[in-house]
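Taking it in order: structure first as structure tokens, then the write-up.
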């Protein structure tokens with residue numbers, strides 16, 4: 123039996139891996155207006171508390187950005 127999510131609305135966005143960060147932020151906040159998307163560079167330290175109002179959007183570090191530029195590198199999830 124599947125457990126009900128703790129937070130209302132959409133919880134994760136696997137389709138945004140590879141997207142530009144600003145595009146991902148706009149889609150996330152449109153699809154779940156109860157959250158704010160927060161950019162964080164892959165490999166960075168993040169706060170470990172869980173919040174239903176936050177989605178971490180993991181992006182390419184500036185120093186490692188390829189020809190496509192900075193993109194989303196992990197599935198954005200509420201937390």
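Residue numbers (this note's numbering): 123 to 201. Where is the CB? At the ideal position from N, CA and C, for every residue including glycine.
Asked: Can you give me the C-alpha to C-alpha distance between residue 181 and residue 190, rounded to a whole angstrom?; Found: 12 Å
Asked: Applying the criterion that 16 or more other CB atoms from any shown protein chain within 10 Å of the CB defines a buried residue, is residue 172 buried or exposed?; Found: exposed
Asked: So which of 185, 188, 201, 179 has the shortest CA-CA distance to residue 86?; Found: Missing from the structure shown is residue 86; the chain here goes from 123 to 201 and no further.
Asked: Between residue 134 and residue 199, is the Cβ-Cβ spacing less than 8 Å?; Found: yes
Asked: Mapping the DSSP letters down to three states, classify residue 145 as helix, strand or coil.; Found: helix
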